[in-house]
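>
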Amino acid sequence: LGLLIITNLAIAETETYDIDTKHSFANFMIRHVVAKTSGSLNEITGVIQIDRDNLANSSVKAKINLLSINTGLAKRDDHIKKEEYLDATKYSDITFVSKKVVANSATEGTMTGLFTLHGVTKELTIPFKVLGFGADPWGGQRSGFEAHTLLKASDFGFGWGLNKDAPIGDEIEVTLLIEGIKAK
């Protein structure tokens with residue numbers, strides 16, 4: 077009986093949240109000529125398993141659709157999706173599957189997992205913050221998360237930013253703003 081109670085407590089501590097694609101964004105900035113340009117990837121799907129009492133027991137599985145890129149200029153978006161840059165027709169998805177979470181506090185930590193972009197999979201560690209949990213106006217429960225990371229396009233087979241005089245840089249600053257809806 078004691079083992080059953082402990083097992084039930086462990087199960088009850090982990091909550092499942094589906095990523096709300098309407099309220100989640102992957103924002104990016106990249107050097108363009110001598111300044112920076114920015115945009116968002118607006119179609120993120122996936123599942124977050126979170127243990128509020130022990131973040132180390134949490135996990136994420138997410139997918140970002142590169143075809144959802146939005147820089148505020150449709151002509152530029154179409155150009156970026158082409159083979160010379162993102163090749164989004166061939167490699168339409170970015171994926172991340174966590175393998176390990178390290179909690180630095182009750183609301184901050186790092187998540188290490190397999191990150192796939194442009195057909196290349198690399199292990200990536202991303203620092204994150206838990207922004208909070210609460211009721212939404214529709215009778216559901218929400219969660220909020222924020223993460224920041226820096227990617228090198230060349231690590232994923234892109235060559236457009238390797239020349240120091242290239243109009244586009246190699247480093248991509250990424251901010252993830254994720255809202256989850258508690259699964260029923």
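Residues 77 to 260 in this note's numbering are what the sequence shown spells out, letter by letter.
Backbone N, C-alpha and C fix where the C-beta goes; we use that ideal spot for every residue, glycine too.
With DSSP run on the structure shown, which of helix, strand or coil describes residue 131?
The count along the sequence shown starts at 1 and reaches residue 131 at position 55. DSSP places residue 131 in helix when its eight states are reduced to three.
> Let me make sure I understand the geometry here. Which of 172, 113, 173, 166 has the alpha-carbon closest to that of residue 247?
Here residue 247 corresponds to residue number 171 of the sequence shown, with the count starting at 1. When each option's Cα is compared against that of residue 247, the closest is 113.
> On the three-state DSSP scale, how would you describe residue 232?
Within the sequence shown, the letter at position 156 stands for residue 232. In this structure, residue 232 counts as helix in the three-state DSSP scheme.
> Should residue 144 and residue 117 be called a contact, given that it needs their Cβ atoms to be closer than 7 Å?
By one-based count along the sequence shown, residue 144 stands at place 68. By one-based count along the sequence shown, residue 117 stands at place 41. Contact flag set, yes.
> For residue 129, collect the residues of the same chain with a Cβ closer than 7 Å to its Cβ; drop the 5 residues on either side in sequence, then sort them by chain order.
Position 53 of the sequence shown holds residue 129. Within the same chain, residue 129 has close Cβ partners 89.
> Determine the DSSP secondary structure at residue 257, reduced to helix, strand or coil.
Locating residue 257 in the sequence shown gives position 181, counting from the first residue. Reduced to three states, the DSSP call for residue 257 is strand.
> Count the other CB atoms, across all protein chains shown, that sit within 10 Å of the CB of residue 134; report buried if there are 16 or more and exposed otherwise.
Position 58 of the sequence shown holds residue 134. Under the 10 Å beta carbon count, residue 134 is surrounded by 16 or more other beta carbons and is classified as buried.
> Are the beta-carbon atoms of residue 109 and residue 243 separated by less than 7 Å?
Walking along the sequence shown from the start, residue 109 turns up at place 33. Walking along the sequence shown from the start, residue 243 turns up at place 167. Yes; because the gap between Cβ atoms is below 7 Å, this pair is in contact.
> Given this structure, state the Cα-to-Cα distance separating residue 235 from residue 151, to the nearest angstrom.
As a working note, residue 235 is residue 159 in the sequence shown. As a working note, residue 151 is residue 75 in the sequence shown. A straight line joining the alpha-carbon of residue 235 with that of residue 151 spans about 22 Å.
> Run the CB neighbour count on residue 172, radius 10 Å, all protein chains shown included, and call it buried at 16 or more, exposed below.
Here residue 172 refers to the residue found at position 96 when the sequence shown is read from its first residue. It counts as buried.
> Return the chain-ordered list of same chain residues with a C-beta closer than 6 Å to the C-beta of residue 189, the five sequence neighbours on each side being excluded.
In the sequence shown, counting from the first residue as 1, residue 189 sits at position 113. If the five residues before and after residue 189 are omitted, its C-beta is found closer than 6 Å to the C-beta atoms of 172, 173, 174, 175, all from its own chain and listed in chain order.
> Cα-Cα, which of 132, 217, 225 is closest to residue 201?
Position 125 of the sequence shown, counted from the first residue, corresponds to residue 201. Per the Cα distances, 225.
> What's the C-alpha gap between residue 250 and residue 148?
Working through the sequence shown from its first residue, we reach residue 250 at position 174. Working through the sequence shown from its first residue, we reach residue 148 at position 72. Near 17 Å, if we compare the C-alpha coordinates of residue 148 and residue 250.
> Short of 7 Å in beta carbon distance, which residues of its chain neighbour residue 227, apart from the five on each side in sequence? Order them along the chain.
Numbered from 1 along the sequence shown, position 151 holds the residue referred to as residue 227. The answer, listed in chain order, is 248, 250.
> Could you give the distance in angstroms between the alpha-carbon of residue 241 and the alpha-carbon of residue 156?
Along the sequence shown, read from residue 1 onward, the residue named residue 241 stands at position 165. Along the sequence shown, read from residue 1 onward, the residue named residue 156 stands at position 80. So the two alpha carbons sit approximately 19 Å from each other.
> Nearest-angstrom Cα distance between residue 120 and residue 215?
As a first step, residue 120 is located in the sequence shown; it is residue number 44 there, counting from the start. As a first step, residue 215 is located in the sequence shown; it is residue number 139 there, counting from the start. Whole-angstrom Cα-Cα distance: 23 Å.
> Tell me where the beta strand (DSSP E) around residue 108 begins and ends.
Taking the sequence shown and counting its residues from 1, one reaches residue 108 at position 32. Residues 101–108.
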